[in-house]
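Trainee: Anchor point for the sequence shown: position 38 equals 912 in this note's numbering, and the numbering is continuous, going up by one each time. Even glycine gets a Cβ: it sits at the ideal position worked out from N, Cα and C.
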Amino acid sequence: MTTLNTVVPALPVLLGLTGISVGIYSFVSPTSAIRMFGLRAPSSTDKSLPSPHTEVFQRAVIYTYGIRNVGGGLANLGIFAFWKLSPLCQTNPAASDAVRQCLGICLILGTTVGLGDAWILRKFAKDEGVQGEAKTEAAKASVNHAITAAVILATGVFLVL
């Protein structure tokens, strides 16, 4: 049980760092980042694309995804740091428990993001306009997002209890 009490509370740090890293990567390499997420953007050599407006729009949507990840990651790390490092939580067990439970509640509620991502990717994969590898990658990513959401949910429940 000691190992579980050490490992599980560290998961919000891993999730936070991952969110921040992926978010920053979304600004540095938008197309690669969104593909890592599970969505393959249409090829820029595809002549059926209407205009450069489409590419700018796609980048803006990817940046929105990126900033969402940065914000969520910073929130996880901030609450975790307050829980583990603040003088209040170090000297007051009730405060420490309250902050730990708040972190757990945030993770439980944050599960909606992972489940929402899984649902959106599943819908994308099932769309008749999506073909080939894009369909396969999105379907696989949908499952991965659902599994990640389950891990986040379990971590949140562990921290609340």
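What's the gap between the Cα of Phe1032 and the Cα of Ile894?
Mentor: Here the question's residue 1032 lines up with position 158 in the sequence shown. Here the question's residue 894 lines up with position 20 in the sequence shown. In a straight line, the C-alpha of Phe1032 is about 23 Å away from that of Ile894.
Trainee: Exposed or buried, what is Glu1007 when buried is set at 16 or more other beta-carbons lying within 10 Å of its beta-carbon?
Mentor: Within the sequence shown, the letter at position 133 stands for residue 1007. Label assigned to Glu1007: exposed.
Trainee: Roughly how far, in whole angstroms, is the beta-carbon of Leu962 from the beta-carbon of Ala969, given that I think they are within contact range, below 8 Å?
Mentor: By one-based count along the sequence shown, residue 962 stands at place 88. By one-based count along the sequence shown, residue 969 stands at place 95. So it is a contact: roughly 5 Å between Cβ atoms.
Trainee: Is it right to say Leu1035 is buried, meaning 16 or more other beta carbons lie within 10 angstroms of its own, or is it exposed?
Mentor: Numbered from 1 along the sequence shown, position 161 holds the residue referred to as residue 1035. Classification of Leu1035: exposed, given that the 10 Å Cβ count is below 16.
Trainee: At the level of alpha carbons, what is the spacing between Thr1010 and Ala972?
Mentor: Locating residue 1010 in the sequence shown gives position 136, counting from the first residue. Locating residue 972 in the sequence shown gives position 98, counting from the first residue. Going by the C-alpha atoms only, they are around 43 Å apart.
Trainee: With distances taken between CB atoms, is the gap from Ala1024 to Leu995 smaller than 8 Å?
Mentor: Numbered from its first residue, the sequence shown carries residue 1024 at position 150. Numbered from its first residue, the sequence shown carries residue 995 at position 121. No, the Cβ-Cβ distance between Ala1024 and Leu995 is not below 8 Å.
Trainee: Hey, how far is the Cα of Thr1038 from the Cα of Tyr939?
Mentor: It is not possible to answer for residue 1038, since the shown part of the chain is limited to 875 through 1035.
Trainee: Quick check: what's the CA-CA separation for Thr1029 versus Gly945?
Mentor: In the sequence shown, counting from the first residue as 1, residue 1029 sits at position 155. In the sequence shown, counting from the first residue as 1, residue 945 sits at position 71. Between Thr1029 and Gly945, the C-alpha separation is close to 19 Å.
Trainee: Less than 8 Å separating the beta-carbons of Ala992 and Ala1013?
Mentor: Numbered from 1 along the sequence shown, position 118 holds the residue referred to as residue 992. Numbered from 1 along the sequence shown, position 139 holds the residue referred to as residue 1013. No, these two residues do not count as a Cβ contact at 8 Å.
Trainee: Would you mind giving the Cβ-Cβ distance between Asn950 and Ser900, rounded to the nearest angstrom? I have them listed as a contact below 8 Å.
Mentor: Translated into positions along the sequence shown, residue 950 becomes position 76. Translated into positions along the sequence shown, residue 900 becomes position 26. Incorrect: roughly 17 Å between the Cβ atoms, too far for contact.
Trainee: Relative to the alpha-carbon of Arg914, which residue among Val1017, Ile936, Lys958 has its alpha-carbon at the smallest distance?
Mentor: Sequence index remark: in the sequence shown, residue 914 carries index 40 (1-based). Considering only alpha carbons, the answer is Ile936.
Trainee: Can you tell me whether Phe911 is buried or exposed, with buried defined as 16 or more other CB within 10 angstroms of its CB?
Mentor: Translated into positions along the sequence shown, residue 911 becomes position 37. Classification for Phe911: buried.
Trainee: Kindly indicate the opening and closing residues of the alpha helix (DSSP H) around Asn943.
Mentor: Position 69 of the sequence shown, counted from the start, is the residue given in the question as residue 943. 926-959 is the extent of the alpha helix (DSSP H) around Asn943.
Trainee: According to DSSP, simplified to helix, strand and coil, what is Val1004?
Mentor: Locating residue 1004 in the sequence shown gives position 130, counting from the first residue. Three-state result, Val1004: coil.
Trainee: Would you grab the beta carbon distance between Ile1026 and Gly990 for me? Rounded to a whole angstrom, and I think it's under 8 Å.
Mentor: Against the sequence shown, residue 1026 aligns to sequence position 152. Against the sequence shown, residue 990 aligns to sequence position 116. Between Gly990 and Ile1026 the Cβ distance is about 12 Å, and since that is not below 8 Å, they are no contact.
Trainee: Helix, strand or coil for Ala915? Go by DSSP, reduced to three states.
Mentor: One-based indexing of the sequence shown puts residue 915 at position 41. It is coil, neither helix nor strand.
Trainee: What is the DSSP secondary structure of Asn1018, reduced to helix, strand or coil?
Mentor: For this step, residue 1018 is matched to residue 144 along the sequence shown. Helix.
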